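Asker:
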Amino acid sequence: MGISGLLPLLEPIKKNKHLRDYAGMRVAVDTYVWLHRAAFGCAMDLGLGKKTTAYVSFCMKRVALLRQFGITPVLVFDGGCLPMKSHTERERRLRRQEAKKKAHEELLKGDTSKAMEMFQQCVNITPNMALELIKALRKEKIEFIVAPYEADAQLAYLEKIGKVDAVLTEDSDLLVFGCQRVLLKLDANGSVVEINARDFPHVPCMKRGWTFAKFRQACILSGCDYLPSLKGVGIKKAFDTLNSSSSIERTLKTWRTFGFSIKAPKMRDGYETAFKEAELTFLYQRVYDPDKKRLVHLNEPILSDLDFMEDLCKFLGRDLEPSVAEGIAIGELNPYTLRPYHPDDDFFYEDLDAKDDEATRHHPIKPTPVPHVPKDLSASARILQVSTTANLTGQYTTKSSDSTSKFFSQPEKPTIDVDEHVYSSSFPITKNDLELKAAEPSPIASLSRFRSTSINPSDDFSYHSTVLKSKAHAVDSNNVSPVRLTPVIPPRPAMHLLKRSVTEMDSFSYEHVQIRKETTDGNKTDRENSSPANVAVESWVTEEASVKIHLESARYMEQTNPHQHRPYKPPAVMPKTKAVFGSAFNGLSTFRSSSASEQHVYQGGDNSSSLKPKKARPAPSLPKKRLGAGRPTNLIPITAFFGK
DNA sequence: CCGTGCACTATAT
DNA sequence: TAGTGCACGG
Ligand SMILES: [Mn+2]
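The numbers in the working numbering rise by one with no breaks, and the one at position 6 of the first sequence is 18.
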């Protein structure tokens with residue numbers, strides 16, 4: 013949406029420019045715009061689920077265009093969606109699904125061009141598509157950042173802290189987020205339109221006494237993504253209103269109180285509150301700071317606003333533990349799942365809202381292609397993951413290069429024990445092949461959708477991340493309920509230590525978490541993590557089975573920031589299920605002391621950011637003494653071992 | 001006349 | 001996302 017009518021309003025200050033005018037500058041790019049356009053070219057393939065990366069080349073052409081004129085591009089990707097926008101997201105999703113249906117109908121009729129048109133209308137940019145582009149960017153050593161939430165705020169922040177000189181987008185919202193130089197309407201020749209916020213005073217309707225806050229309020233009043241406008245209020249009335257108003261609060265109060273006697277827009281219930289929230293969202297949405305390597309607010313909250321900011325995660329995005337935030341930013345973690353990217357994730361988040369939607373809940377739509385399942389199942393052991401509630405009935409299909417088979421999952425009792433899972437008839441995995449490795453509260457459980465998702469109704473956590481070891485790898489395609497099997501650990505040659513699952517459900521925090529990563533070729537890396545937010549110990553993952561991770565110790569947070577931390581409660585014991593825990597997994601179900609022989613000396617951090625210029629980061633120190641005897645009493649030794 | 005609100009369109013090769 | 005054109009109401 014953006015702010016409709018804002019760009020025409022700013023017409024007087026728009027300047028026609030060319031990319032060469034920005035030679036030597038760094039420009040942040042709202043990459044979604046490019047991806048969306050690029051996807052048009054291969055909409056058919058995307059809609060049919062064929063593998064294409066045609067959209068990557070369009071984007072890379074644009075990258076080349078910027079570089080041709082001496083510009084250093086920094087591509088910024090959208091991250092997870094803010095819960096408050098999920099309504100909008102769902103509407104779009106439903107539209108796309110309708111368009112897709114029509115497209116298939118047209119295809120059956122034989123009207124290819126009509127089908128194309130419909131496919132174009134349902135193009136959706138998935139995190140994995142973004143990842144394809146990211147891979148290309150890495151090869152070309154182009155800088156990029158994946159925003160934790162909206163790219164808009166991230167773009168504005170990069171300009172604010174001086175990482176870039178201008179922002180390239182098609183979205184008028186960028187101005188409301190406080191961008192100074194916004195570049196719009198780039199064409200293939202390099203022509204652009206610049207709108208510079210310092211020219212605002214030259215806009216007729218912002219002549220006298222306008223502050224940026226006033227501008228932002230006018231935009232919100234006219235209707236924005238976070239708050240639809242009052243009936244009859246558009247861009248003109250919004251700006252007129254602020255021109256003759258001492259403060260928006262007063263004006264709104266007047267409208268509400270005397271609305272019946274004077275001609276004024278009819279106020280909706282809760283409009284004032286919603287207005288304030290919209291304001292706070294434009295001001296303080298969470299973004300990633302590439303230097304601090306953690307989430308920060310777009311602007312430093314002023315004291316009077318802090319009062320309003322409790323419990324505003326819906327609008328600002330919830331805080332993420334630094335290493336998760338970093339993982340997202342550098343393209344290692346999917347911003348929706350907070351886990352390493354995996355092809356299945358696209359279906360996963362497509363299904364997120366379907367879960368809330370009665371209509372789709374009972375009419376599962378999708379035949380989901382499932383990744384390769386090797387013929388010889390014993391050949392490749394994979395870790396599987398189960399999320400479950402009641403009623404598991406569904407069909408999933410697996411495809412391998414030479415055969416296609418269908419599998420049926422069996423109805424599940426509302427209350428079940430994990431090791432009673434049976435994955436069906438012809439499916440070659442029996443319950444004996446599944447070994448429960450660990451279960452943890454879902455990182456997305458706190459987004460409310462999965463709150464009720466649990467194996468036992470009495471459990472107050474979800475088994476989204478219940479980890480099973482199996483000899484194959486499968487996905488519950490309909491995923492209407494519940495059981496969903498996705499690989500936790502996609503094998504990749506690169507070694508990364510990734511952390512995920514920071515949930516609001518965690519009742520504890522750590523100040524220091526020391527981790528050692530050890531690979532088969534004998535490399536060891538230690539890293540100390542000072543995490544201000546919640547940390548779930550059992551949530552460390554590694555991408556390679558051959559990498560051992562030792563969580564050396566952790567110290568509970570002592571000082572408590574009411575906005576970020578909650579008072580310490582002892583960590584919950586692992587879920588009580590009848591499941592069998594793997595022997596290699598002892599460290600997860602209960603904390604136990606690490607022995608001296610398991611301690612290693614720090615050899616260097618492995619932090620890297622795609623964003624340059626890099627700042628040399630002081631190597632984190634791991635004082636050995638802290639690990640040995642005489643450690644502080646609040647230091648809890650932990651050993652966790654992942655791997656085969 | 002002006003402004004709003006809606007339906008409809010384009011975005012790539 | 002944006003732009004267009006058109007009907008409506010003040
Ligand atoms: Mn926007």
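Where is the CB? At the ideal position from N, CA and C, for every residue including glycine.
Source: prediction; values computed, not measured.
Nearest to ALA163 by CA position, among PHE81, ARG49, THR43, is which residue?
Answerer: THR43
Asker: Are the segment 268–276 and the segment 215–235 touching, with three or more C-beta to C-beta distances below 8 Å?
Answerer: No, because fewer than three Cβ pairs between the segment 268–276 and the segment 215–235 fall closer than 8 Å, the two stretches do not touch.
Asker: What does DSSP give as the partner residues of ASN208 in its beta bridges?
Answerer: ARG193
Asker: With distances taken between CB atoms, is the gap from LEU328 to ARG298 smaller than 8 Å?
Answerer: Inclusion of LEU328 and ARG298 in the CB contact set at 8 Å is warranted, their separation being smaller than that value.
Asker: Compare the beta carbon distance of THR158 and PHE89 with 8 Å and say whether it is the shorter of the two.
Answerer: Looking at the sequence itself, residue 158 is Val, so the reference to Thr does not match. Against a cut-off of 8 Å, the Cβ pair of PHE89 and VAL158 comes out as a contact.
Asker: Which residues are close to ligand 1, meaning CB closer than 5 Å to any heavy atom, in chain order?
Answerer: Taking each Cβ in turn, the ones that pass are ASP164, ASP183, ASP185.
Asker: From ASP33 to MET13, what distance separates their C-alpha atoms?
Answerer: 29 Å
Asker: Could you pull the DSSP bridge partners for CYS236 from this structure?
Answerer: LEU239
Asker: Could you tell me the alpha carbon to alpha carbon distance between LEU239 and LEU21, rounded to whole angstroms?
Answerer: Rounded to whole angstroms, LEU239 and LEU21 show a C-alpha spacing of 20 Å.
Asker: Measure the Cβ-Cβ separation of LEU180 and LEU170 and say whether it is below 8 Å.
Answerer: no
Asker: To the nearest angstrom, report how far apart ILE209 and ILE25 are at their CA atoms.
Answerer: First, the residue type needs correcting, since residue 209 is Ala and not Ile in the sequence shown. If I take the Cα positions, the gap works out to 9 Å.
Asker: Could you tell me the alpha carbon to alpha carbon distance between ARG496 and TYR348, rounded to whole angstroms?
Answerer: Because the pLDDT of ARG496 is 30, which lies under 50, any placement of that residue in the model is unreliable, and the question is left without a value.
Asker: Assuming HIS214 is part of the alpha helix (DSSP H), what are its boundary residues?
Answerer: Premise fails: HIS214 is in no alpha helix (DSSP H) and is neither H nor E.
Asker: When the Cα of GLY282 is compared with those of ILE247, ASP319, SER241, VAL245, which residue comes out closest?
Answerer: SER241
Asker: Exposed or buried, what is LYS27 when buried is set at 16 or more other beta-carbons lying within 10 Å of its beta-carbon?
Answerer: exposed
Asker: By how many angstroms is the C-alpha of ILE342 removed from the C-alpha of GLN611?
Answerer: No answer about GLN611 holds up, because its pLDDT of 26 lies below 50 and its placement is not dependable.
Asker: Would you mind reading off the limits of the alpha helix (DSSP H) that contains THR293?
Answerer: 283–296
Asker: Could you round the C-beta distance between PHE131 and ALA55 to whole angstroms and report it? I think they count as a contact, below 8 Å.
Answerer: PHE131 to ALA55, Cβ: 4 Å. Contact.
Asker: Keeping to the same chain, check which residues put their C-beta closer than 6 Å to that of LYS197; ignore five residues upstream and five downstream.
Answerer: VAL205
Asker: Taking DSSP as the reference, what is the three-state secondary structure of PRO347?
Answerer: It is coil, neither helix nor strand.
Asker: Looking only at its own chain, which residues have a Cβ that is under 8 Å from the Cβ of LYS29, when we skip the five neighbours before and after it?
Answerer: Same-chain partners within the cutoff: LEU195, SER203, VAL204, VAL205, GLU206.
Asker: What residues are listed by DSSP as bridge partners for ASP42?
Answerer: VAL88
Asker: By how many angstroms is the C-alpha of VAL336 removed from the C-alpha of LEU19?
Answerer: 36 Å
Asker: Going by DSSP, name the residue or residues bridged to VAL308.
Answerer: Its beta-bridge partners are VAL299.
Asker: What residue range does the beta strand (DSSP E) around ALA178 cover?
Answerer: 178–180
Asker: Just to confirm my understanding: we take PHE320, look at its own chain, exclude 5 residues before and 5 after, and list those with CB closer than 7 Å. What are they?
Answerer: LYS288, LEU292
Asker: Just the C-alpha distance for GLU118 and LYS126, rounded to the nearest angstrom, thanks.
Answerer: 6 Å
Asker: Rounded to a whole number of angstroms, what is the C-alpha to C-alpha distance between PRO355 and ARG262?
Answerer: 51 Å
Asker: Please report the Cβ distance between VAL68 and LEU167, rounded to the nearest whole angstrom; I am assuming they are in contact, meaning their Cβ atoms lie under 8 Å.
Answerer: Not a contact, Cβ separation roughly 21 Å.
Asker: What would DSSP say about PHE156, mapped onto helix, strand or coil?
Answerer: strand
Asker: Under a three-way DSSP split, which group does HIS30 fall into?
Answerer: strand
Asker: Apart from the five residues on each side of it in sequence, which residues of its chain come closer than 6 Å, Cβ to Cβ, to VAL188?
Answerer: ARG228, CYS231, PHE294
Asker: Would you check whether ligand 3 has a heavy atom nearer than 7 Å to the C-beta of LEU196?
Answerer: Ligand 3 is not among the ligands present in this structure, which contains only ligand 1.
Asker: Using DSSP with H/G/I as helix, E/B as strand and the rest coil, what is PRO334?
Answerer: helix
Asker: Whole angstroms is fine: what's the gap from LYS153's alpha carbon to GLY221's?
Answerer: Here the C-alpha atom of LYS153 lies approximately 46 Å from the C-alpha atom of GLY221.
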